[in-house]
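K.L.:
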Amino acid sequence: MDWDKLRVFHAVAEAGSFTHAGTTLNLSQSAVSRQISALEDSLRVPLFHRHARGLILTEQGELLFRTAHEVFARLAMTEAMLADSKERPRGSLTVTATVGFSTLWLTPLISEFLDLYPEISMTVICEDRELDLGMREADVAIRMRAPTQPDLVQRHLMTVHLHAYASTAYIKEWGMPMVPEDLDRHRIVTYSDGPLSRITNPSWLLKSGAESKNPRRPAFKVNNILGMLRAVESGIGIAALPDYIVQDHINAVRVLPDMDGPSIETYFVYPEELRNSKRIGVFRDFLLDKVKRTKF
């Protein structure tokens, strides 16, 4: 198989159209289409079903894409390892973390990190689902639970504590709950069903002090922590939020201070192949230093 045609095929399969792949590859749509047709002719099998709404991989196309994706992932890993063989940390570094953590804690630190290591270029992927590090969807993940894959290196980063918070406007209108049982008369904001549900314990405020015969129901649900913070700030109700994202928001106050919520163990995770990566090492040490200065 021609390497250039395989590269074009991989881009088309990921993009789902000749036009979008052409933009990525800096090629015209017609040039991309010709490359795919030539690859199909050489293999003597169709790789895509062509529809007005886009391209869909055939069974043969799916097989080739899985193989090509693994090859390109390994090449990217090799490129990263070669870059790390140089004296100074340099090259690209892709980090993934949850939407709330990426937006509210991680991203504001990146400027200082890049000042320290100007030869590193950063990409942060804000995603609540867990990306596949083995397939190089990212180099590093900050995860809200210990990874189970045996080929991943993990370092405990921090323990995140959750407590109940509401806005000053909400408290003024609805009053301050004094005991957990008072939550029966308040509006509760919870995390909706999603990849973080098993970690953040969305039913905590619904069950604390509640009678089993008369369960509470959430007034509002949203699928990430940042959305919950905005809901609290706008006065929708009371929510369980990580302390670190509330500490700079004067409009949010802690309620029921004697009631502790769940704790979330957070880990710095990367593939075994990148254990000796200078870029990952300096980024890990940078974050560990910042963790010591933050109340979680």
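Just so we're aligned, residue 545 is where the sequence shown starts under my numbering, counting upward by one. Don't be surprised by glycine CBs; every beta carbon is placed ideally from N, CA and C.
Locate the beta strand (DSSP E) running through A796, then write down its first and last residues.
P.N.:
Here the beta strand (DSSP E) through A796 covers A796 to R798.
K.L.:
Quick check: the segment 685–694 against the segment 804–813, are there 3 or more CB pairs under 8 Å?
P.N.:
Touching, yes.
K.L.:
Round the Cβ separation of A710 and V776 to the nearest angstrom and send it over; I've been treating them as touching at under 8 Å.
P.N.:
About 6 Å; that satisfies the 8 Å criterion.
K.L.:
Need the endpoints of the beta strand (DSSP E) that V813 sits in, please.
P.N.:
It spans S807 to P815 - the beta strand (DSSP E) in which V813 sits, taken as one unbroken run.
K.L.:
Since A578 is in the alpha helix (DSSP H), which residue starts that stretch and which ends it?
P.N.:
The residue you asked about is not Ala; residue 578 is Arg in the sequence shown. That run of the alpha helix (DSSP H) goes Q573 to L587.
K.L.:
Give me the Cα-Cα distance between V723 and M702, rounded to the nearest whole angstrom.
P.N.:
If I take the Cα positions, the gap works out to 29 Å.
K.L.:
Alpha carbon to alpha carbon, how far is L648 from H793? Give it in angstroms, no decimals.
P.N.:
Approximately 11 Å, taken between the alpha carbons.
K.L.:
Fully enclosed by the segment 749–790, which alpha helix (DSSP H) runs are 4 residues long or longer?
P.N.:
Qualifying alpha helix (DSSP H) stretches, in chain order: 769–777 and 787–790.
K.L.:
Thinking C-alpha only, which one of E755, A557 and A620 is nearest E606?
P.N.:
Of E755, A557 and A620, the residue nearest in Cα terms is A557.
K.L.:
Throw me the rounded Cβ distance for the V797 and I715 pair, which I believe falls under 8 Å.
P.N.:
With 8 Å as the limit, V797 and I715 qualify as a contact, their Cβ atoms being about 7 Å apart.
K.L.:
Could you round the C-beta distance between L696 and L785 to whole angstroms and report it? I think they count as a contact, below 8 Å.
P.N.:
Not really, about 28 Å apart at Cβ, beyond 8 Å.
K.L.:
Output the boundary residues of the beta strand (DSSP E) element that contains G862.
P.N.:
Since the first residue shown for the chain is 545 and the last is 840, residue 862 is missing from the structure and cannot be characterised.
K.L.:
Just curious, the alpha helix (DSSP H) that G635 is in, first and last residue?
P.N.:
Where G635 is concerned, there is no enclosing alpha helix (DSSP H), although the beta strand (DSSP E) it sits in stretches over G635 to A641.
K.L.:
Could you pull the DSSP bridge partners for S665 from this structure?
P.N.:
Paired residue(s): S636.
K.L.:
For V654 and Q604, what's the separation of their Cα atoms in angstroms?
P.N.:
Correcting the residue type first, residue 654 is Ile in the shown sequence and not Val. So the alpha carbons of these two residues sit roughly 42 Å apart.
K.L.:
What separation, rounded to the nearest whole angstrom, lies between the Cα atoms of P694 and Y814?
P.N.:
Their Cα atoms are separated by approximately 11 Å.
K.L.:
Once you ignore the five residues that flank T642 on each side, which residues in its own chain have a CB closer than 6 Å to its CB?
P.N.:
Only D672 meet the Cβ criterion.
K.L.:
Should the segment 675–683 be regarded as contacting the segment 750–762, the criterion being three or more beta carbon pairs within less than 8 Å?
P.N.:
Result no; under three Cβ-Cβ pairs closer than 8 Å.
K.L.:
Quick one: what's got a C-beta closer than 6 Å to I769's C-beta in the same chain, skipping five residues either side?
P.N.:
These residues qualify, in order along the chain: G644.
K.L.:
Report the option in D833, F827, V835 and K836 whose CA atom is closest to the CA atom of Y661.
P.N.:
Checked all of D833, F827, V835 and K836; the closest Cα to Y661 is F827.
K.L.:
Return the residue from the list E674, F657 and E584 that minimises the CA-CA distance to I824.
P.N.:
Closest by alpha carbon: F657.
K.L.:
Quick one: give me the first and last residue of the alpha helix (DSSP H) that V835 is part of.
P.N.:
K822 to K836 is the span of the alpha helix (DSSP H), which, as asked, contains V835.
K.L.:
I'd like to know whether the C-beta atoms of L619 and F553 end up nearer to each other than 8 Å.
P.N.:
Contact: no.
K.L.:
With H, G and I counted as helix, E and B as strand and the rest as coil, what does DSSP make of L591?
P.N.:
Here L591 sits in coil by DSSP.
K.L.:
Would you list the one or two residues that DSSP bridges to T734?
P.N.:
K765.
K.L.:
As an exercise, report each continuous beta strand (DSSP E) stretch of at least 3 residues that is fully enclosed by the segment 672–714, in chain order.
P.N.:
If we require 3 residues or more, the beta strand (DSSP E) runs fully inside the segment 672–714 come out as 684–687 and 696–711.
K.L.:
Would you grab the beta carbon distance between I782 and L749 for me? Rounded to a whole angstrom, and I think it's under 8 Å.
P.N.:
Sure, about 7 Å apart at Cβ, within 8 Å.
K.L.:
Could you please give the first and the last residue of the uninterrupted alpha helix (DSSP H) stretch that includes D548?
P.N.:
Note, D548: alpha helix (DSSP H), W547 to A559.
K.L.:
So T638 and I669 are in contact, right, with Cβ under 8 Å, and what is the actual spacing, rounded?
P.N.:
Right, their Cβ atoms sit about 7 Å apart.
K.L.:
Under DSSP, the alpha helix (DSSP H) around S646 begins and ends at which residues?
P.N.:
No alpha helix (DSSP H) holds S646; DSSP gives it neither H nor E.
K.L.:
For G836, which of Y788, W718 and L818 has the nearest alpha-carbon?
P.N.:
Note on identity: in this sequence residue 836 is Lys, with Gly being the wrong assignment. The candidate whose alpha carbon is nearest that of K836 is Y788.
K.L.:
How many whole angstroms separate the CB atoms of L569 and A555, which I take to be in contact at a CB cut-off of 8 Å?
P.N.:
So it is a contact: roughly 5 Å between Cβ atoms.
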